[in-house]
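Contents: one structure, followed by commentary.
Number of protein chains: 2
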Amino acid sequence: MVVPSGPAFQYLKVKTHLREGIASGRWRPGERLPSEAELTEAFGVSRMTVNRALRELHQEGMVERVQGVGSFVAQLHRIASTLTVRDVHDEIAARGHQHEAQVHLLEEVAATEAQAAEFQLQPGARLFHSIIVHRDNGVAVQCEDRLVNPACAPDYQAQDFTQVTPTHYLLEVAPLSEARYTIEAQRPSPLEAKLLGMPRGEPCLVVRRCTLSLGQVVTVVRLVHPGGRWMLQGSFQA
Amino acid sequence: MVVPSGPAFQYLKVKTHLREGIASGRWRPGERLPSEAELTEAFGVSRMTVNRALRELHQEGMVERVQGVGSFVAQLHRIASTLTVRDVHDEIAARGHQHEAQVHLLEEVAATEAQAAEFQLQPGARLFHSIIVHRDNGVAVQCEDRLVNPACAPDYQAQDFTQVTPTHYLLEVAPLSEARYTIEAQRPSPLEAKLLGMPRGEPCLVVRRCTLSLGQVVTVVRLVHPGGRWMLQGSFQA
DNA sequence: CAGTGGTCTAGACCACTTG
DNA sequence: AAGTGGTCTAGACCACTGA
């Protein structure tokens with residue numbers, strides 16, 4: 001026969017079988033799984049199909065594979081979860097709330113030594129600088145303090161950021177290739193506390209993100225969220 | 001010919017070509033990419049190879065595919081980054097530092113109504129409760145307040161958590177299948193402030209995580225980190 | 001209808017590891 | 001040498017879309 005019964009999602013059958021065996025503890029972490037040849041025989045499918053199942057489980061971090069040796073249940077010590085850092089506007093809109101943005105500053109500055117180093121530019125090079133406060137149904141939830149590389153977004157200062165967020169605009173003009181970020185708890189700066197309308201002593205969730213496009217640093221942003229008004233959420237499967 | 005030159009990682013050539021075209025803006029977000037047939041011809045490879053390249057780009061969130069229509073450059077609005085929440089011990093050890101754990105409490109409690117609901121158990125059901133402080137070279141960096149479902153880890157109370165972290169132990173006895181978490185900034189509770197040796201008013205990074213195994217809630221944990229002593233890091237490619 | 005992606009096969013050659 | 005995974009082919013059938 002050529003194709004026995006058409007697409008029956010055979011690779012999913014194999015994948016599910018292995019996933020359930022791992023989840024149920026039938027195969028313990030570090031233990032060896034059946035070889036591709038064994039699974040090929042057991043399921044009566046081609047090796048490519050078994051290979052895809054195992055490859056995807058590997059990509060999902062559930063299985064480790066060693067050429068010439070075999071496939072093994074991964075040691076799931078780390079919980080690598082997908083944290084979705086979405087555009088504020090989308091996040092607020094998704095809750096059915098009203099998003100407002102207030103531009104408090106939009107200027108051109110000369111890079112300090114530290115800033116120049118981060119942008120891989122010369123000290124004193126021009127940078128755009130913006131400070132924008134985002135509100136959810138009128139409540140200030142984020143203060144966005146951003147530096148932008150003019151080489152990547154020459155028209156940055158001409159945008160109306162009450163209508164389109166900088167995140168959205170920058171993703172349009174400079175396709176994202178890499179991002180690095182840190183998340184920590186801090187007190188707001190005096191200016192941030194004033195702009196967010198919160199006491200100086202209240203904790204804030206601070207996300208700092210550096211975004212690259214084609215190896216160039218496009219923008220570095222500090223996002224300050226009042227502790228009681230904003231929270232990151234995520235989940236992890238498998 | 002059967003195989004022209006052995007593994008030359010053809011699917012990577014196709015993948016790289018598309019990835020660079022997207023990153024360089026040659027294909028804009030929403031724009032249509034060449035069909036599998038066109039790529040098959042252009043690269044002189046089989047369709048399976050092209051298919052793998054496109055499928056992986058789709059799995060990475062860079063390409064959207066619609067059956068019967070075509071493949072398109074994804075709208076990269078969301079920045080879905082892989083945040084690695086590792087075991088404290090590993091994280092501290094990875095820096096070459098000394099990890100110490102201090103067990104402040106290890107008891108059995110009756111579930112409150114809210115706790116019972118979260119664990120999908122009856123109010124008053126038994127739960128294990130532990131409070132452990134983790135130190136990095138003697139500095140308290142995390143207060144771990146944890147509830148555990150006895151059905152998943154009956155021997156929880158018999159463990160020596162100065163030697164093996166609860167995270168590590170629980171992953172051994174109850175393979176992880178799903179986790180949900182939130183990250184926010186808060187002040188520590190009076191007890192947490194005391195255990196961590198920090199002022200009440202200092203901000204903390206608080207991670208709350210609910211872990212499931214085989215559809216059962218295994219554990220709910222609150223991880224409190226002094227603001228200046230701990231930070232989450234992550235990065236995102238493509 | 002033609003074109004697209006989704007899946008699958010039954011082989012193949014190769015690099016690698018272990019006995 | 002035998003077994004493993006890594007890659008690849010040249011076909012195939014199918015479901016879906018849009019003109």
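Chains A and B are the protein sequences, given in the same order.
Residue numbering for the first sequence is 1 to 238, as defined by full-length UniProt numbering.
Residue numbering for the second sequence is 1 to 238, as defined by full-length UniProt numbering.
Every residue, glycine too, gets a C-beta built ideally from N, C-alpha and C.
Check: DSSP three-state call for glutamate 64 of chain B: helix, strand or coil?; Outcome: strand
Check: Please go through the same chain and pick out, in chain order, the residues whose beta-carbon is closer than 7 Å to the beta-carbon of glutamate 36 of chain A, but skip the five residues on each side of it.; Outcome: Arg47, Val50, Asn51 and Leu54
Check: Tell me whether aspartate 136 of chain B is buried or exposed, calling it buried when 16 or more other Cβ atoms sit within 10 Å of its Cβ.; Outcome: buried
Check: Compute the distance between the beta-carbons of glutamine 102 of chain B and valine 133 of chain B, then report whether it is under 8 Å.; Outcome: yes
Check: Are the C-beta atoms of leucine 191 of chain B and some chain A residue less than 8 Å apart?; Outcome: no
Check: Which one of A/Leu18, A/His168 and A/Val88 has the shortest CA to CA distance from valine 207 of chain A?; Outcome: A/Val88
Check: For the beta strand (DSSP E) containing threonine 211 of chain B, name the first residue and the last one.; Outcome: 204-213
Check: As an exercise, report each continuous alpha helix (DSSP H) stretch of at least 4 residues that is fully enclosed by the stretch 90-144 of chain A, in chain order.; Outcome: 113-119
Check: Looking at the structure shown, is glycine 6 of chain B part of a helix, part of a strand, or coil, going by DSSP?; Outcome: Caution is warranted here: a pLDDT of 32 is assigned to glycine 6 of chain B, below 50, making its placement in the model unreliable, and the coordinate value is therefore given only provisionally. Coil, per DSSP.
Check: In the DSSP assignment, the beta strand (DSSP E) including glutamate 31 of chain A goes from what residue to what residue?; Outcome: Premise fails: glutamate 31 of chain A is in no beta strand (DSSP E) and is neither H nor E.
Check: Expressed to the nearest angstrom, what Euclidean distance is found between the alpha-carbon atoms of glutamate 56 of chain B and arginine 32 of chain B?; Outcome: 17 Å
Check: In chain order, what residues of the same chain have a beta carbon less than 6 Å from the beta carbon of threonine 40 of chain A, not counting five sequence neighbours either side?; Outcome: Arg47 and Val50
Check: Tell me the DSSP secondary structure of leucine 226 of chain B in three-state form.; Outcome: Checking the sequence shown, residue 226 of chain B turns out to be proline, not leucine. If DSSP states are grouped into helix, strand and coil, proline 226 of chain B belongs with the strands.
Check: Mapping DSSP to helix, strand and coil, what is valine 164 of chain A?; Outcome: coil
Check: By the criterion of Cβ-Cβ separation under 7 Å, what are the contact partners of phenylalanine 236 of chain B in chain A?; Outcome: Glu178 and Ala179
Check: Does the beta carbon of leucine 57 of chain A come closer than 8 Å to any beta carbon on chain B?; Outcome: no
Check: Determine the direct distance from the alpha carbon of glycine 124 of chain B to that of arginine 187 of chain B, and round the result to whole angstroms.; Outcome: 29 Å
Check: Does the beta carbon of glycine 25 of chain A come closer than 8 Å to any beta carbon on chain B?; Outcome: yes
Check: Buried or exposed: where does arginine 209 of chain A fall if 16 or more other Cβ atoms within 10 Å of its Cβ makes it buried?; Outcome: buried
Check: For threonine 211 of chain A, count neighbouring Cβ atoms within 10 angstroms of its own Cβ and tell me buried if that reaches 16, exposed if not.; Outcome: buried
Check: Taking the C-alpha atoms as reference points, what is the distance between asparagine 149 of chain B and leucine 170 of chain A?; Outcome: 46 Å
Check: At what residues does the alpha helix (DSSP H) containing alanine 53 of chain B begin and finish?; Outcome: 47-59
Check: Express the C-alpha separation of valine 221 of chain B and proline 190 of chain B in angstroms, rounding to a whole number.; Outcome: 18 Å
Check: My output table needs one value for glycine 21 of chain A: the three-state DSSP class, helix, strand or coil.; Outcome: helix
Check: Judging by CA-CA distance, which residue of B/Ala42, B/Pro226, B/Gly96 and B/Ile131 is the nearest neighbour of glycine 197 of chain B?; Outcome: B/Pro226
Check: In the DSSP assignment, what are the bridge partners of glycine 70 of chain B?; Outcome: B/Val66
Check: Could you tell me if the beta carbon of arginine 126 of chain B falls within a distance shorter than 7 Å of some heavy atom in the ligand SAM?; Outcome: This structure does not include the ligand SAM; it has no bound ligands of any sort.
Check: Based on the DSSP secondary-structure assignment, which residues constitute the bridge partners of tyrosine 181 of chain B?; Outcome: A/Gly234 and B/Arg209
Check: Can you pull out the residues from the stretch 218-234 of chain B whose beta carbon lies closer than 9 Å to at least one beta carbon of chain A?; Outcome: His225, Pro226, Gly227, Gly228, Trp230, Met231, Leu232, Gln233 and Gly234
Check: By a C-beta neighbour count over all protein chains shown, 10 Å radius and 16 as the cutoff for buried, is phenylalanine 236 of chain B buried or exposed?; Outcome: buried
Check: In three-state DSSP terms, what is glutamine 216 of chain A?; Outcome: strand
Check: Would you mind telling me which residues of chain A sit closer than 8 Å to alanine 158 of chain B, beta carbon to beta carbon, in chain order?; Outcome: Ordered by position in chain A, no residue passes the 8 Å Cβ test against alanine 158 of chain B, which lies about 20 Å from the chain.
Check: Note the first and the last residue of the continuous alpha helix (DSSP H) segment covering proline 190 of chain A.; Outcome: 190-196
Check: Would you list the one or two residues that DSSP bridges to arginine 146 of chain B?; Outcome: B/Ser130 and B/Val221
Check: With distance defined between alpha-carbon atoms, name the residue in A/Ala185, A/Glu100 and A/Ala117 nearest to valine 141 of chain A.; Outcome: A/Glu100
Check: Determine, for alanine 94 of chain B, whether the minimum Cβ-Cβ distance to residues of chain A falls below 8 Å.; Outcome: no
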